[in-house]
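Contents: one structure, followed by commentary.
Numbering (the UniProt record's numbering), first residue to last: 1 to 341.
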């Protein structure tokens with residue numbers, strides 16, 4: 001089979017019509033990391049009725065969606081064609097859903113248990129960005145939920161994503177500032193590390209965190225970040241400091257009812273960005289929403305479908321807006337988006 005890319009081997013493993021949507025699934029084999037067995041699944045959503053322009057399907061602005069921990073592409077796009085990814089595709093965007101190595105349709109690589117966010121940041125996201133840009137040479141909007149947002153922040157702070165190819169970034173329920181004080185005590189951190197090293201992965205279903213497992217390498221990396229002298233980044237690269245050099249428009253969305261990634265910590269991550277267009281939005285009753293959204297419900301719920309998804313669409317159409325207007329039931333609700341700097 002011929003490669004779908006001139007960058008590295010890419011196979012189109014599925015091309016289906018899902019109702020009014022087209023679904024193409026690519027498997028990338030970039031060969032840019034120490035583990036040559038890594039393959040990455042990338043799902044492209046579009047309208048089945050997309051018009052041809054000069055024999056080529058007309059594509060809108062590219063949007064890349066990254067799920068959080070213990071999750072996969074179904075967070076953004078259900079088998080019934082429901083989700084923010086499907087909503088944006090129906091709105092005319094060129095939607096790409098990325099699954100990190102060992103997640104969803106991306107097979108487990110040989111060194112799966114040692115996979116870290118650093119690998120996603122340094123190797124996987126640059127490969128995904130390069131392929132998306134090859135297929136649609138416009139600056140892409142990037143959206144990440146929870147760990148997906150942390151991966152995006154790391155890639156930008158570590159300068160692994162070319163800002164010239166990034167139209168905007170939106171982080172949903174993403175933070176790294178919540179402190180776990182026991183991990184600041186070296187003997188306890190060492191003990192936790194010894195216990196975790198006995199496992200290859202953390203089971204999402206068993207822990208009731210989601211459908212996917214997470215490699216133990218991510219947990220060990222998190223221990224280092226939150227240790228006594230830890231920092232957000234690799235040993236040789238301080239991603240936290242590097243965020244100050246990021247100039248693309250950034251939106252941080254927090255949920256008032258999120259106990260896992262509290263609003264104050266999400267706002268703290270946003271404040272570290274150097275972008276002039278850094279905006280913060282909290283989803284709660286006192287901000288004018290119908291409920292205090294939770295960590296998952298902020299994007300996956302009927303309330304999110306009516307109140308949050310249209311706001312995301314408006315952000316993508318005009319990144320940096322100070323106010324996002326939502327028309328609901330004949331009345332207009334304005335969600336105030338505050339500056340993060």
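Just so you know, even glycine gets a beta-carbon here, dropped at the ideal spot from N, CA and C.
Taking the C-alpha atoms as reference points, what is the distance between residue 141 and residue 98?
Rounded to whole angstroms, residue 141 to residue 98 spans 13 angstroms at the Cα level.
Mind checking which residues open and close the alpha helix (DSSP H) that includes residue 219?
Its alpha helix (DSSP H) spans residues 216-226.
Out of 254, 42, 144, which one is the CA nearest neighbour of residue 25?
The candidate whose alpha carbon is nearest that of residue 25 is 42.
By the 10 Å Cβ neighbour count, where 16 or more other Cβ atoms means buried, how is residue 336 classified, buried or exposed?
The predicted position of residue 336 is uncertain, since its pLDDT is 49 and thus under 50; a value taken from the coordinates is nonetheless stated next. The residue is exposed, with fewer than 16 neighbouring Cβ atoms inside 10 Å.
In angstroms, rounded to a whole number, what distance separates the CA positions of residue 205 and residue 289?
C-alpha separation (whole angstroms): 31 angstroms.
Helix, strand or coil, according to DSSP, for residue 69 in the structure here?
In the structure shown, residue 69 sits in coil (DSSP, three-state: anything other than H, G, I, E or B).
So, do the region 235-252 and the region 155-168 have three or more beta carbon pairs nearer to each other than 8 angstroms?
With the cut-off at 8 angstroms, the region 235-252 and the region 155-168 touch.
Taking DSSP as the reference, what is the three-state secondary structure of residue 37?
Here residue 37 sits in coil by DSSP.
As an exercise, report each continuous alpha helix (DSSP H) stretch of at least 4 residues that is fully enclosed by the UniProt domain "AB hydrolase-1" (62-174), in chain order.
Entirely contained in the UniProt domain "AB hydrolase-1" (62-174), the alpha helix (DSSP H) runs reaching 4 residues are, in chain order, 84-90, 125-135, 147-157.
Which whole-angstrom value describes the C-beta separation of residue 223 and residue 192, a residue pair presumed to lie in contact below a C-beta threshold of 8 angstroms?
With 8 angstroms as the limit, residue 223 and residue 192 qualify as a contact, their Cβ atoms being about 6 angstroms apart.
Which of the three DSSP states is assigned to residue 10 in this structure?
In the structure shown, residue 10 sits in a strand (DSSP, three-state: E or B).
In whole angstroms, what separates the C-alpha of residue 8 from that of residue 33?
Between residue 8 and residue 33, the C-alpha separation is close to 13 angstroms.
Quick check: what's the CA-CA separation for residue 227 versus residue 149?
Each residue's Cα considered, the two are about 21 angstroms apart.
What residues are listed by DSSP as bridge partners for residue 48?
Note: residue 48 sits in no beta bridge, so no partner.
Taking 9 angstroms as the threshold (beta carbon to beta carbon), is residue 187 in contact with chain B?
Considering every chain present, this structure includes no chain B. It has just one protein chain.
Classify residue 89: buried if its beta carbon has 16 or more other beta carbons within 10 angstroms, exposed otherwise.
Buried, by the Cβ-count rule.
Quick check: the region 200-215 against the region 229-241, are at least 3 beta-carbon pairs closer than 8 angstroms?
Taking 8 angstroms as the limit for Cβ pairs, the verdict is that the region 200-215 does not touch the region 229-241.
Are there 16 or more other CB atoms within 10 angstroms of the CB of residue 213, so buried, or fewer, so exposed?
The residue in question, residue 213, is buried, as its Cβ has 16 or more Cβ neighbours within 10 Å.
Please report how far the alpha carbon of residue 241 lies from the alpha carbon of residue 50, in whole angstroms.
Distance between the alpha carbons of residue 241 and residue 50: 43 angstroms.
Where residue 197 and residue 220 are concerned, what is the direct C-alpha to C-alpha distance, given to the nearest angstrom?
Residue 197 and residue 220: Cα-Cα distance of roughly 8 angstroms.
For the beta strand (DSSP E) that residue 312 lies in, which residues bound it at each end?
Run containing residue 312: none in the beta strand (DSSP E); it sits in the alpha helix (DSSP H), 309-317.
Would you tell me roughly how many angstroms separate the C-alpha atoms of residue 211 and residue 79, rounded to the nearest one?
Between residue 211 and residue 79, the C-alpha separation is close to 14 angstroms.
Should residue 186 be labelled buried (16 or more other beta-carbon atoms within 10 Å of its own) or exposed?
Under this definition residue 186 is an exposed residue.
Taking all protein chains shown into account, decide if residue 327 is buried (16 or more other Cβ within 10 angstroms of its Cβ) or exposed.
For residue 327, the predicted model reports a pLDDT of 37, less than 50, meaning its position is unreliable and no value from the coordinates is stated.
Checking 9 angstroms against the spacing of the C-beta atoms, do residue 62 and residue 145 come in under that value?
Contact: no.
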